[in-house]
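Student:
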Amino acid sequence: MNRYTRRTLALEMLMIAVAIVFAFPVYVLVNLAIRAPSDTSSPISPTTAPTLANFTQAWQEGGLGGALINSVIVTAVSVLIVLAVSSLAAYPLARSTAHWSRGTFLVIMLGLILPFQLAALPLYQTIRDLGLLGSVWSLILFYSGLQVPFTTFLDVGFLRALPRDFEEAATIDGCGPLTAFRYVVLPMLKPITVTALVLNTVSVWNDFFTPLLYLSGSDQQTMPVAVAGFVGQFVSDWNLIFAALLISIVPVLAVYLALQRSIINGFAGGLKG
1 MNRYTRRTLA
11 LEMLMIAVAI
21 VFAFPVYVLV
31 NLAIRAPSDT
41 SSPISPTTAP
51 TLANFTQAWQ
61 EGGLGGALIN
71 SVIVTAVSVL
81 IVLAVSSLAA
91 YPLARSTAHW
101 SRGTFLVIML
111 GLILPFQLAA
121 LPLYQTIRDL
131 GLLGSVWSLI
141 LFYSGLQVPF
151 TTFLDVGFLR
161 ALPRDFEEAA
171 TIDGCGPLTA
181 FRYVVLPMLK
191 PITVTALVLN
201 TVSVWNDFFT
211 PLLYLSGSDQ
221 QTMPVAVAGF
231 VGQFVSDWNL
241 IFAALLISIV
251 PVLAVYLALQ
261 RSIINGFAGG
271 LKG
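Numbers 1 to 273, taken from full-length UniProt numbering, label the letters of the sequence shown in order.
Okay, structure coming up:
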C-alpha cells in the first residue's frame, strides 16, 4: 500500500510551481486581451470589466481574416507535401542496403545541419526569378524544401526500427513496392507521421522571417506578420496585440484538441520507435 510521504508532497509542490510558471504568461495574455485600453492597472491585476472589443478591432484593423486564410493554406499544403515526400523518400533509404542509400541519406541530412540563412540570398533570387514574390506559393515552395530533411530523418529512424515481416508477406502475395508501401508501411508510420505533423505545423505556422521576406510589398501576409503590424516604432497597443495573438492561437489549439488522442499516441509511439 502506497503511503503519502514527504517526498510525494515535495514532488506535488514542485509540479504545482512548474504549472504556475507556465500558466502565468497565458494568464497575462488573456487578461490584457480582454481589458479595455483605458484600463491602466497592472497587467497582473484581474480585469474587472472584460470586453471583446479588442478582438473585433484587431480583426478589422489588422486584416486578420486574409492573414488567417493565408496561414491555413500555407501550413496545410506545405505540411501535406512534406509528409508525402518524406515518407516516400524514407522508405527506400531505410530498407535499401546499397551504398547509394547511405550516401543519399547523408546528403539529405546536410539540409538538416546547414542553417537555411546561408542560402537566404540565392533562395530569394530564385523565388524572384520564378515570379513568386508576393505569393503564398513562394512560402509553400520554401517550407516544402526546408522541412523535408528533418521529417525524412524522423521517418528513416522509425522505419529502421520496424520489422520487415509484413512487407515481405505483402511481397509474397504479389504486392509491388508502392502497393506494399501504401497498404502496409504507411499505416505503420502513423505514430511518427502524427509527430512530424505537429512539429511541422507549429514550425510553419509560427515562422515570421520568411513571410516577411517573400511577401513584403504585397497585400498578402500571414498571421505572425499581421500580429507584428500592431507594433509601431513609437506606440504599441498591447491590448490589440494580445487579442490578435489569441486569435492566431485558436486554429492550432483547435487542431490539437481535435487530434489530442492521436497526437499523444503519436509522440508515445515515436519515442518508443
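Every residue, glycine too, gets a C-beta built ideally from N, C-alpha and C.
Using the beta-carbon count (16 or more within 10 Å), is Ile-247 buried or exposed?
Tutor: buried
Student: Just to confirm my understanding: we take Gln-125, look at its own chain, exclude 5 residues before and 5 after, and list those with CB closer than 6 angstroms. What are they?
Tutor: none
Student: Find out if the Cβ-Cβ distance for the pair Trp-205, Thr-75 is shorter than 8 angstroms.
Tutor: yes
Student: Rank Val-72, Gly-65, Phe-55 and Gly-134 by C-alpha distance to the C-alpha of Ala-254 and give the top, closest one.
Tutor: Val-72
Student: Near Leu-162, what residues of its chain come up, given a Cβ to Cβ distance below 7 angstroms and the 5 sequence neighbours on each side ignored?
Tutor: Met-188
Student: Nearest to Gly-62 by alpha carbon, out of Leu-121, Leu-123 and Val-227?
Tutor: Val-227
Student: Is Glu-168 buried or exposed, if buried means 16 or more other CB atoms sit within 10 Å of its CB?
Tutor: exposed
Student: Given that a residue counts as buried once 16 or more other Cβ atoms are within 10 Å of its Cβ, and exposed if not, what is Leu-215?
Tutor: buried
Student: Please go through the same chain and pick out, in chain order, the residues whose beta-carbon is closer than 8 angstroms to the beta-carbon of Ser-101, but skip the five residues on each side of it.
Tutor: Pro-92 and Leu-93
Student: Please report the straight-line C-alpha distance between Asn-31 and Pro-211, rounded to a whole angstrom.
Tutor: Separation of Asn-31 and Pro-211 (C-alpha to C-alpha, rounded to the nearest whole angstrom) is 29 angstroms.
Student: Mind checking Arg-182: buried by the 16 CB within 10 Å criterion, or exposed?
Tutor: exposed
Student: State the Cα-Cα distance for the pair Val-82 and Leu-123, rounded to the nearest angstrom.
Tutor: 18 angstroms
Student: For Ala-33, which residues in the same chain have their Cβ closer than 8 angstroms to its Cβ, ignoring the five residues on either side in sequence?
Tutor: Correct list, in chain order: Asn-54, Phe-55, Asn-239, Phe-242, Ala-243, Leu-245 and Leu-246.
Student: Report the start-end ranges of each beta strand (DSSP E) in the stretch 22-90 that is 3 residues or longer and not cut off at the edges.
Tutor: Segments of the beta strand (DSSP E) lying fully in the stretch 22-90: there are none.
Student: According to the Cβ coordinates, are Leu-197 and Val-79 closer than 8 angstroms?
Tutor: yes
Student: Report the option in Ile-69, Ser-87 and Val-148 whose CA atom is closest to the CA atom of Pro-224.
Tutor: Ile-69
Student: Could you tell me which of Ala-119, Ala-89 and Val-136 sits nearest to Phe-105, measuring between CA atoms?
Tutor: Nearest of Ala-119, Ala-89 and Val-136 to Phe-105, Cα basis: Ala-89.
Student: Could you give the C-beta distance for Ser-87 and Leu-186, rounded to a whole number, given that I count them as a contact under 8 angstroms?
Tutor: 7 angstroms
Student: Buried or exposed for Ser-218, please, with buried defined as at least 16 other CB atoms from any protein chain shown within 10 angstroms of its CB.
Tutor: exposed
Student: Grab me the residues of Tyr-143's own chain with a C-beta within less than 6 angstroms of its C-beta, minus the 5 sequence neighbours each way, in chain order.
Tutor: Sequence-distant Cβ neighbours of Tyr-143 in its own chain, meaning closer than 6 angstroms and more than five residues away, are Ser-78 and Val-204.
Student: Taking Arg-102 as part of the alpha helix (DSSP H), name the residues at either end of that continuous run.
Tutor: 99-113
Student: Could you round the C-beta distance between Val-252 and Thr-201 to whole angstroms and report it? I think they count as a contact, below 8 angstroms.
Tutor: Contact between Val-252 and Thr-201 holds: their C-beta atoms lie close to 7 angstroms from each other, under 8 angstroms.
Student: Taking the C-alpha atoms as reference points, what is the distance between Gly-174 and Pro-191?
Tutor: Taken atom to atom, the span from the alpha-carbon of Gly-174 to that of Pro-191 is near 27 angstroms.
Student: In angstroms with no decimal places, state the Cα-to-Cα distance between Leu-9 and Val-28.
Tutor: Going from the Cα of Leu-9 to the Cα of Val-28 covers about 28 angstroms.
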